[in-house]
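Take a look at the structure below.
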Amino acid sequence: MSSVESQQRVLSGMRPTGKLHLGHYHGVLKNWVELQHDFDCFFFVADWHALTTHYENPHVIEQSVWDMVIDWLAAGVNPGSATMFIQSRVPEHAELHLLLSMITPLGWLERVPTYKDQQEKLKEKDLATYGFLGYPLLQSADILMYRAGRVPVGADQVSHVEMTREVARRFNHLYGKDPGYEDQAEAAIQKMGKKNAKLYRGLRTRFLEQGDEEALETAQAIIQAQQNVSLGDRERLFGYIEGGGKVILPEPHPLLTPAAKMPGLDGQKMSKSYGNTIGLREDPDTVVKKIRTMQTDPQRVRLTDPGDPDKCPVWQLHEVYSDESTKKWVQEGCRSAGIGCLDCKKPVIEAVLAEQKPIHERAKQYEDDPELVRSIIAEGTEKARDAAKATLEEVRRAMGLSYR
Ligand code: TRP
Ligand code: SF4
0 MSSVESQQRV
10 LSGMRPTGKL
20 HLGHYHGVLK
30 NWVELQHDFD
40 CFFFVADWHA
50 LTTHYENPHV
60 IEQSVWDMVI
70 DWLAAGVNPG
80 SATMFIQSRV
90 PEHAELHLLL
100 SMITPLGWLE
110 RVPTYKDQQE
120 KLKEKDLATY
130 GFLGYPLLQS
140 ADILMYRAGR
150 VPVGADQVSH
160 VEMTREVARR
170 FNHLYGKDPG
180 YEDQAEAAIQ
190 KMGKKNAKLY
200 RGLRTRFLEQ
210 GDEEALETAQ
220 AIIQAQQNVS
230 LGDRERLFGY
240 IEGGGKVILP
250 EPHPLLTPAA
260 KMPGLDGQKM
270 SKSYGNTIGL
280 REDPDTVVKK
290 IRTMQTDPQR
300 VRLTDPGDPD
310 KCPVWQLHEV
320 YSDESTKKWV
330 QEGCRSAGIG
340 CLDCKKPVIE
350 AVLAEQKPIH
360 ERAKQYEDDP
370 ELVRSIIAEG
380 TEKARDAAKA
390 TLEEVRRAMG
400 LSYR
């Protein structure tokens, strides 16, 4: 796969640690659904990543895997456009992780902000494990395996993609050179003639030692002018000025997922740990009940008390779901005690139910036929594995592991 194709490749993963809710939908899934039209997308269930934090109760993972895939399909991820698979079914991820671990300085892992943050946050768990320290490198293997140019992630994961770039750069620097690469480059320099060879060497040193871009450009112009030097040698001379060889693992770019504005039932960000969620496939009766019993402006005890939408989590849902005229109706009706809170909640309930209707419809065929879901994953896994095997073969060769 060339560097240009790599720019078309998108890869992202999700940890199976529970049912998805509307926060995931508004934050991540809608974004995936859009990306699948424009890019060659690979989406996977990061079950090994889930094990790094849930190794004591892996049953949560098992239950969540298939639920999560159905959630993706229900949200509109289309198996005809995107490749979906399960990480542990592509054991090549483990081999690449191991090989990359050989060249990854410990300090890079220790310095990733999530390492200390998560240990602090999840104090009840012992995360002083080898696997947890290696978490970002496993993620690097996931990304580099598919030579993905773009990686949709939330802000908290950007540092993992940054580290992946460092790892790729280090890998290419160490192994992107064929054996005898330097000798061949030196021989090519001789072919330019004494005067040009001397010039080239001087410019190369200036670029490598001082990062002098002008020296780089001048040297490139000199190479270009060498009509009697073969194309292969000219390519070699180009690569050699910058000190590198081939790009085996292209550096990925984070595609920052805009922070989800989805509020939960209590006005805080929707999150499982706050217990304020509406499930992506929550049944309609429960949705109605959850919204009806939602806390409103605490000052508004009686219908005749005027309220303040700014102090009410229901208003935040209107911000997500309602048009301008409905919002105006809420603002005026609330502040003048002209509407009751149950009236106010009605358009929100309707909007959530309307949003979930096509989700339930899409989910139904998969809920009724688990084999269908398994076959979608089997097909995606096969495709992912082919891509993974191709990368690993190159990686093994580059690292000198292709002896028989
Ligand atoms: N670490 C990611 C998360 O917690 C999940 C993940 C694993 C991932 N591997 C990945 C995301 C590769 C993007 C690319 O959300
Ligand atoms: Fe909240 Fe609406 Fe009741 Fe005002 S009328 S307190 S915005 S639910």
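For the sequence shown, the residue numbers in numbering that gives the first Met the number 0 are 0 to 403. Ideal Cβ placement from N, Cα and C applies to all residues, glycine included.
Query                                                                                                                                                                                 : Result
From 13, 46, 18, 178, pick the residue whose C-alpha is nearest to that of residue 271; which is it?                                                                                  : 18
Do residue 247 and residue 170 have their CB atoms nearer than 8 Å?                                                                                                                   : yes
Relative to the C-alpha of residue 361, which candidate in 16, 56, 62, 73 has its C-alpha closest?                                                                                    : 73
Consider the Cβ of residue 309: report whether some Cβ of chain C lies at a distance smaller than 8 Å.                                                                                : The question asks about chain C, but that chain is absent: this structure has only one protein chain.
The beta strand (DSSP E) with residue 48 in it runs from where to where?                                                                                                              : Segment 46-53 is the alpha helix (DSSP H) holding residue 48; no beta strand (DSSP E) there.
Mapping the DSSP letters down to three states, classify residue 89 as helix, strand or coil.                                                                                          : coil
Out of 306, 369, 263, point me to the one whose CA is closest to residue 289's CA.                                                                                                    : 263
Beta carbon of residue 163, beta carbon of residue 142: below 8 Å?                                                                                                                    : yes
Could you check how far apart the C-beta atoms of residue 335 and residue 305 are, in whole angstroms? I think they sit under 8 Å.                                                    : 6 Å
Label residue 275 either buried or exposed according to how many other C-beta atoms from any shown protein chain fall within 10 Å of its C-beta, with 16 as the threshold for buried. : buried
Assuming residue 317 contacts residue 326 (C-beta within less than 8 Å), just tell me the rounded distance between them.                                                              : 6 Å
Which residues count as close to ligand 2 when the rule is a CB under 5 Å from any of its heavy atoms, in chain order?                                                                : 295, 296, 299, 306, 308, 311, 313, 314, 333, 340, 343
When the Cα of residue 279 is compared with those of 6, 314, 69, 46, which residue comes out closest?                                                                                 : 69
Grouping DSSP H, G and I as helix and E and B as strand, with all else coil, what is residue 39?                                                                                      : strand
On the DSSP bridge assignment, give the partners of residue 293 in chain order.                                                                                                       : In the DSSP output, where bridge partners are listed per residue, residue 293 has none listed.
Buried or exposed for residue 236, going by 16 or more other Cβ atoms inside 10 Å?                                                                                                    : buried
Expressed to the nearest angstrom, what Euclidean distance is found between the alpha-carbon atoms of residue 212 and residue 394?                                                    : 31 Å
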